[in-house]
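Numbering (the working numbering), first residue to last: 6 to 448.
What follows is the structure, given as structure tokens:
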């Protein structure tokens with residue numbers, strides 16, 4: 006049973022903002038953590054897919070099944086991680102996850118059998134990845150920011166796309182020159198060097214350290230800035246309460262439809278292009294364009310959520326992403342690298358709306374106090390839907406010999422997701438708030 010709703014007392018010590026708010030250091034850590042996680046779990050897969058399947062005589066479906074298994078593992082682990090982040094913060098979780106990832110990546114360089122790939126990549130790597138990824142960092146950011154939540158999450162989420170820019174091109178060149186086994190070993194070292202220092206930045210919530218959300222001073226709170234911050238905390242839904250709202254299921258299904266094809270497209274962008282006679286270097290450069298578009302648009306999408314209904318912002322991004330998939334398919338068939346690049350530029354821009362709008366909607370609708378446990382209860386569903394994307398894409402390719410039809414289906418899913426997110430209605434305050442305090446409005 007939830008404790009009686011009572012917002013943390015504002016810090017009386019924060020009478021002025023003389024230093025950079027510590028929450029922005031956590032944003033920087035979130036940027037780097039998501040850059041690493043995306044680079045390793047999404048973009049690196051496209052670099053290794055062809056060399057490993059050719060060397061080990063696997064089908065692309067066999068290679069991709071590890072990613073699908075990993076999504077299910079991530080959802081299962083996330084169910085427990087979310088509540089831990091609510092109670093104790095994300096530092097310990099990230100340190101454990103970083104250790105698991107580094108050891109696993111090095112071990113992958115020695116595999117010879119497909120079952121070893123499934124165990125290492127599908128179970129251990131993806132389990133560790135869940136401990137450094139978006140659930141941990143975005144739940145943390147949602148506790149440190151309220152009025153500035155959209156831009157904070159948007160800036161942190163840029164790292165997810167920058168992972169493609171920073172990792173895919175140099176890793177492609179390295180693997181081409183030194184082989185895929187050496188590539189996994191280098192990634193293990195990079196992981197250890199990055200994740201351990203940034204994990205130390207993570208703290209549970211600002212009130213634990215004499216600070217207020219958004220870096221507000223006590224004087225600013227007294228002048229009226231406290232109302233939204235307090236309401237965001239007091240009107241928080243517990244996991245059980247959230248499960249009784251229609252909004253939870255509509256949000257889950259809408260964003261699940263949006264993510265169902267992302268993994269399949271990102272994992273197969275390089276193979277999609279090289280199969281149509283574009284060089285691996287050209288394909289890698291297009292991945293960079295995609296990464297820039299998806300990355301640097303996120304802060305803009307996050308800013309929009311602070312000024313407009315986040316549902317409308319999400320629907321706009323989803324519509325752009327969905328319509329861009331048709332351009333990508335037809336441009337690739339035409340042989341025009343410039344049009345392909347434009348298609349991925351537009352798709353990346355639409356894709357950039359996904360993470361900031363999703364995190365802002367969850368926090369706005371269900372509050373920050375129990376956000377980790379609320380997010381974690383639906384994570385297995387959304388990740389399960391996302392897990393279907395890579396394997397469906399691979400099965401389609403193995404059966405048909407190209408990616409055109411499945412890429413167009415991904416675009417249709419985005420358009421359907423746009424319609425669904427517009428149908429979501431914000432729930433009122435939790436029933437226990439109305440009973441215990443007579444609250445009738447929601448912040």
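C-beta atoms are modelled at their ideal positions from N, C-alpha and C, and glycine is treated no differently.
Check: For the region 116 to 183, which segments carrying the alpha helix (DSSP H) assignment without a break, of at least 4 residues, lie completely within its bounds, in sequence order?
Finding: List check, alpha helix (DSSP H) in window: 119 to 122, 131 to 135, 139 to 149 and 154 to 183.
Checklist line | Close Cβ partners of residue 418 (< 6 angstroms) along its chain, the five nearest in sequence each way excluded | finding: Counting from 1 along the chain shown, the entry for residue 418 is found at position 413. The answer, listed in chain order, is 262, 265 and 266.
Note to self: Can you tell me whether residue 381 is helix, strand or coil according to DSSP?
What the structure shows: The count along the chain shown starts at 1 and reaches residue 381 at position 376. Looking at residue 381 - three-state DSSP - the assignment turns out to be helix.
Check: How many whole angstroms separate the CB atoms of residue 98 and residue 141, which I take to be in contact at a CB cut-off of 8 angstroms?
Finding: As a first step, residue 98 must be located in the chain shown, where it is residue number 93. As a first step, residue 141 must be located in the chain shown, where it is residue number 136. Yes, they are in contact, since the Cβ atoms of residue 98 and residue 141 sit about 6 angstroms apart, within 8 angstroms.
Next item on the list: Count the other CB atoms, across all protein chains shown, that sit within 10 Å of the CB of residue 76; report buried if there are 16 or more and exposed otherwise.
Entry: In the chain shown, the residue the question calls residue 76 occupies position 71. Classification for residue 76: buried.
Checklist line | Outcome for residue 211 when other beta-carbon atoms lying within 10 angstroms are tallied against a minimum of 16 | finding: Here the question's residue 211 lines up with position 206 in the chain shown. Within 10 angstroms of the beta-carbon of residue 211 lie 16 or more other beta-carbons, which makes it buried.
Item checked: Contacting residues, own chain, Cβ-Cβ under 8 angstroms from residue 85 (five flanking each side not counted) -> Residue numbering aside, residue 85 sits at position 80 when the chain shown is read from its first letter. Cβ neighbours of residue 85 beyond the five flanking positions: 381.
Item checked: Contact between the region 165 to 176 and the region 36 to 50 (3+ Cβ pairs under 8 angstroms) -> Contact annotation: the region 165 to 176 touches the region 36 to 50, with at least three C-beta pairs closer than 8 angstroms.
Margin query: Just to confirm my understanding: we take residue 326, look at its own chain, exclude 5 residues before and 5 after, and list those with CB closer than 6 angstroms. What are they?
Written below: As a first step, residue 326 must be located in the chain shown, where it is residue number 321. A distance below 6 angstroms between beta-carbons, with the five flanking residues on each side excluded, links residue 326 to the following residues of its chain, in chain order: 352, 355, 356 and 419.
Next item on the list: Entirely within the region 185 to 226 and at least 3 residues each: give me those beta strand (DSSP E) ranges in chain order.
Entry: Fully enclosed beta strand (DSSP E) runs of 3 or longer: not present.
Item checked: Reduced DSSP category for residue 411 - H, G, I as helix; E, B as strand; rest coil -> Looking up residue 411 in the chain shown gives position 406. In the structure shown, residue 411 sits in a helix (DSSP, three-state: H, G or I).
Next item on the list: Please go through the same chain and pick out, in chain order, the residues whose beta-carbon is closer than 7 angstroms to the beta-carbon of residue 258, but skip the five residues on each side of it.
Entry: The sequence position of residue 258 within the chain shown is 253, counting from 1. Taken in chain order, the residues that qualify are 425.
Checklist line | Distance, residue 165 Cα to residue 44 Cα | finding: Translated into positions along the chain shown, residue 44 becomes position 39. Translated into positions along the chain shown, residue 165 becomes position 160. Taking the Cα positions, residue 44 is about 7 angstroms away from residue 165.
Note to self: So the candidates are 157, 41 and 242; which of them puts its Cα closest to the Cα of residue 28?
What the structure shows: Against the chain shown, residue 28 aligns to sequence position 23. In terms of Cα proximity to residue 28, the closest of 157, 41 and 242 is 157.
Item checked: For residue 389 and residue 169, believed in contact at Cβ under 8 angstroms, the rounded distance -> As a first step, residue 169 must be located in the chain shown, where it is residue number 164. As a first step, residue 389 must be located in the chain shown, where it is residue number 384. Taking 8 angstroms as the upper bound for CB-CB distance, residue 169 and residue 389 are not in contact here, some 24 angstroms apart.
Next item on the list: Alpha carbon to alpha carbon, how far is residue 162 from residue 148? Give it in angstroms, no decimals.
Entry: For this step, residue 148 is matched to residue 143 along the chain shown. For this step, residue 162 is matched to residue 157 along the chain shown. Their backbone Cα atoms lie some 16 angstroms apart in a straight line.
Notebook entry, point to check: Could you give the distance in angstroms between the alpha-carbon of residue 387 and the alpha-carbon of residue 260?
Noted result: Stepping through the chain shown from its first residue, residue 387 is reached at position 382. Stepping through the chain shown from its first residue, residue 260 is reached at position 255. Cα to Cα, residue 387 sits roughly 7 angstroms from residue 260.
Checklist line | Segments of 4+ residues assigned as alpha helix (DSSP H) that fall wholly inside the region 281 to 358 | finding: Taking only runs of at least 4 residues, the alpha helix (DSSP H) segments lying wholly in the region 281 to 358 are 285 to 312, 315 to 339 and 342 to 356.
Checklist line | Proximity of residue 63 and residue 120 at Cβ, strictly below 8 angstroms | finding: Sequence index remark: in the chain shown, residue 63 carries index 58 (1-based). Sequence index remark: in the chain shown, residue 120 carries index 115 (1-based). Not in contact: residue 63 and residue 120 (Cβ atoms no closer than 8 angstroms).
Next item on the list: Look at residue 186 and residue 112 and say whether their C-beta atoms are less than 8 angstroms apart.
Entry: Counting from one through the chain shown, the residue named residue 186 turns up at place 181. Counting from one through the chain shown, the residue named residue 112 turns up at place 107. Going by beta carbons, residue 186 and residue 112 fall outside the 8 angstroms limit.
Note to self: By alpha-carbon positions, which one of 293, 275 and 294 ends up nearest to residue 285?
What the structure shows: Position 280 of the chain shown holds residue 285. Checked all of 293, 275 and 294; the closest Cα to residue 285 is 275.
Notebook entry, point to check: What do you reckon, are the CB atoms on residue 91 and residue 153 nearer than 8 angstroms?
Noted result: Taking the first residue of the chain shown as 1, we reach residue 91 at position 86. Taking the first residue of the chain shown as 1, we reach residue 153 at position 148. No. Outside cutoff.
Checklist line | Local Cβ density within 10 Å of residue 411, reported as buried at 16 or more and exposed below that | finding: Start at 1 with the first residue of the chain shown, and residue 411 comes out as number 406. Classification of residue 411: buried, given that the 10 Å Cβ count is 16 or more.
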